[in-house]
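When you number the sequence shown by the numbering used here, it's gap-free, plus one each residue, and the end is 195.
Here a beta-carbon is modelled for each residue, glycine too, at the ideal position from N, C-alpha and C.
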Amino acid sequence: MQVKKASLEEREEIEKIIEKNYGAKVDLSKYNVYINKRKEIFLAQKNLDESLIERASYFGLYFGKLKRNNKIQLSVEGSQIIGKLASKNIAILDDENIFRFMEGLPAKWKELINCEKNNFVLIKNENDFFGCGILREEAIESFVPKGRRIMTSIKKV
């Protein structure tokens with residue numbers, strides 16, 4: 039089995055980490071939570087056929103990845119789920135910098151809400167959340183996967 043269903047203790051630990059890092063009280067009990075060998079977290083509906091798990095390396099919606107020292111690097115979808123409940127570690131970007139972030143480039147913030155340096159932050163523009171990045175001294179480091187980046191121009195080689 040590539041992915042295993044999280045125990046009640048593991049699910050509660052994930053909820054505690056989310057609350058500590060993002061100030062969001064989230065209830066994951068309405069989902070089946072799965073974790074694979076690479077510490078990636080997946081959420082699935084309760085009524086999905088679990089016989090598929092034996093052959094799957096992932097199952098459901100990719101939510102994020104557990105990192106060292108009790109941190110979670112949220113996916114784009116994970117940031118959208120947690121973002122509307124979050125009260126800290128939120129970086130608000132203007133239109134120009136949100137495009138830079140979505141291109142995978144470092145971006146400057148317009149406003150920070152209860153942020154810690156060198157920690158994961160949720161990226162927000164107006165009412166939308168665009169993923170997760172790391173807040174550095176000068177800029178936010180983008181974690182948008184290459185397959186999801188927006189390309190504004192294609193350079194000739």
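Euclidean distance between Cα positions of residue i and residue j
i      : j      : result
Asn163 : Glu57  : 22 Å
Glu179 : Ile120 : 20 Å
Leu131 : Cys153 : 14 Å
Asp166 : Lys122 : 9 Å
Ile192 : Lys184 : At Ile192, the pLDDT of 49 sits below 50, so the modelled position is not reliable and the matter cannot be decided from this model.
Gly98  : Lys146 : 33 Å
Phe158 : Ile172 : 5 Å
Glu134 : Ser113 : 22 Å
Gln111 : Lys126 : 15 Å
Lys155 : Ile91  : 38 Å
Ile151 : Gly169 : 16 Å
Lys194 : Tyr72  : For Lys194, the predicted model reports a pLDDT of 45, less than 50, meaning its position is unreliable; a value from the coordinates is still stated below. Distance between the alpha carbons of Lys194 and Tyr72: 43 Å.
Arg186 : Gly142 : 9 Å
Run of the beta strand (DSSP E) containing residue i, from where it starts to where it stops
i      : result
Gln111 : 109-112
Leu99  : 99-105
Ala177 : Unbroken run through Ala177: none, as it is neither H nor E.
Ala129 : 128-130
Lys42  : 41-43
Leu150 : 149-151
Buried versus exposed, by CB contacts within 10 Å (16 or more), residue i
i      : result
Leu46  : exposed
Ser189 : Going by the sequence as given, residue 189 is Met instead of Ser. Label assigned to Met189: exposed.
Arg138 : buried
Leu81  : buried
One or two residues paired with residue i in a DSSP bridge
i      : result
Cys170 : Leu160
Ile73  : Lys42, Ile79
N- and C-terminal bounds of the alpha helix (DSSP H) containing residue i
i      : result
Val88  : One detail in the question is off: residue 88 reads as Glu in this sequence, not Val. Taken as a continuous stretch (DSSP letters only), Glu88 belongs to no alpha helix (DSSP H), as it is neither H nor E.
Glu141 : Note, Glu141: premise wrong, no alpha helix (DSSP H); not H, not E.
Leu46  : 46-60
Distance between beta carbons of residue j and residue i, contact taken as under 8 Å
i      : j      : result
Lys103 : Asn59  : Contact flag wrong, Cβ pair sits at about 13 Å.
Leu66  : Ile52  : 6 Å
Lys75  : Gln40  : 7 Å
Ala62  : Ala124 : 4 Å
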